[in-house]
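Engineer: In my numbering, the protein residues as written are 5 to 321.
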Ligand code: CP
């Protein structure tokens, strides 16, 4: 593996999931791989899980880890080629990426979309520029349109918790008071449809369909109750409209996931990437039900999704 910024960087997804599950049994076995290697973690946006789990993954592999909140602690970066830099941006990505590459052997980046210009966000301006100008492997810790480490952890979690060979997995849109990116659901759909081990259904209100390219070949059911019938896993997530990009729109709070809805499932497990707004996205009666709620186990798998990715990159470098 050279970079890890999307599912395209994975040769065999189901094999990578199995490798992560094996790694979890002996997490310190590959400590030699990271000896004298440095992981640089660059954050434009806040994080709890990604920040701690990716650091831990680096430590488990024997790496040194440097973390920088570039949005608040670094110089404001210019990304435009040929820009006359006489305003707020003090440093160009061309220098910054090359300089960071001298200090770090792998560069991991978190950068959210602006949610103003769909074409710009879907061109992944920050990740693409780092890939272009850095001389070291780039890992996405959630970008404008994808969260590949999260989706890999989700697939690991489903593999560990499934009780039927090919479970029905339902991604449900859920209400949220803010306008949120499509990164998590995009990657979730891509990983589920590229795994041979799950059947995916997406349910959302009309007008909230995801990017048609991502959704190609995926079943959409606008009736949430019908979608939940027989589901083995319910994955809740809010996302803003792809069609009316960046628009707030009316929020239908009836799409909350609660125990009454979960009773329609096949004793389904509840998943969410976290952080989650209780009693908006999901009711307490689901979150506090230890049989249903596997979000803590899911968050734990963030360490192993990051670790299997870093291991593969280290083995390739
Ligand atoms: N799920 C996830 O990426 O969590 P953080 O935003 O806390 O990193």
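Backbone N, C-alpha and C define an ideal beta-carbon position, used for all residues, glycine too. Please read all numbers here as calculations on a predicted model, not as lab measurements.
Please list the terminal residues of the continuous beta strand (DSSP E) segment that includes residue 239.
Structural biologist: Residue 239 -> beta strand (DSSP E) spans 237–241.
Engineer: Should residue 56 and residue 278 be called a contact, given that it needs their Cβ atoms to be closer than 9 Å?
Structural biologist: No, these two residues do not count as a Cβ contact at 9 Å.
Engineer: Count Cβ pairs between the stretch 228–239 and the stretch 259–278 that sit closer than 8 Å; are there 3 or more?
Structural biologist: Touching, per the Cβ criterion.
Engineer: Locate the alpha helix (DSSP H) running through residue 144, then write down its first and last residues.
Structural biologist: It is not in any alpha helix (DSSP H) - residue 144 instead sits in the beta strand (DSSP E) that spans 142–144.
Engineer: Residue 293 and residue 319 - do their beta-carbons sit closer together than 9 Å?
Structural biologist: The answer is no: Cβ separation not under 9 Å.
Engineer: Is residue 113 helix, strand or coil when you go by DSSP?
Structural biologist: Strand at residue 113.
Engineer: With burial defined as no fewer than 16 other Cβ atoms inside 10 Å of the residue's Cβ, what is the status of residue 79: buried or exposed?
Structural biologist: Exposed: under 16 other Cβ atoms inside 10 Å.
Engineer: Tell me whether residue 54 counts as near the ligand CP, meaning its Cβ is closer than 8 Å to at least one heavy atom of that ligand.
Structural biologist: Yes, the ligand CP has a heavy atom inside 8 Å of this Cβ.
Engineer: Assuming residue 4 and residue 184 are in contact, meaning their beta carbons sit under 8 Å apart, how far apart are those beta carbons, in whole angstroms?
Structural biologist: Outside the modelled stretch of the chain, which goes from 5 to 321, sits residue 4, for which no answer is possible.
Engineer: Quick one: residues in its chain with C-beta nearer than 8 Å to the C-beta of residue 187, no 5 flanking neighbours on either side, listed in chain order?
Structural biologist: Only 116, 117, 146, 147, 148, 149, 150 and 151 meet the Cβ criterion.
Engineer: Indicate whether residue 315 and residue 17 have their beta-carbon atoms separated by less than 9 Å.
Structural biologist: No, Cβ-Cβ distance for residue 315 and residue 17 is not below 9 Å.
Engineer: From the DSSP output, read off the bridge partner residues of residue 173.
Structural biologist: Paired residues: 204 and 237.
Engineer: Counting along the chain, where does the alpha helix (DSSP H) carrying residue 196 start and finish?
Structural biologist: 187–198 is the extent of the alpha helix (DSSP H) around residue 196.
Engineer: Looking at the structure shown, is residue 266 part of a helix, part of a strand, or coil, going by DSSP?
Structural biologist: In the structure shown, residue 266 sits in a helix (DSSP, three-state: H, G or I).
Engineer: Please state whether the Cβ-Cβ distance between residue 305 and residue 109 is less than 9 Å.
Structural biologist: Contact flag unset, no.
Engineer: Would the C-beta of residue 151 count as close to the ligand CP, meaning under 8 Å from any of its heavy atoms?
Structural biologist: Because some heavy atom of the ligand CP lies under 8 Å away, the Cβ of residue 151 counts as near it: yes.
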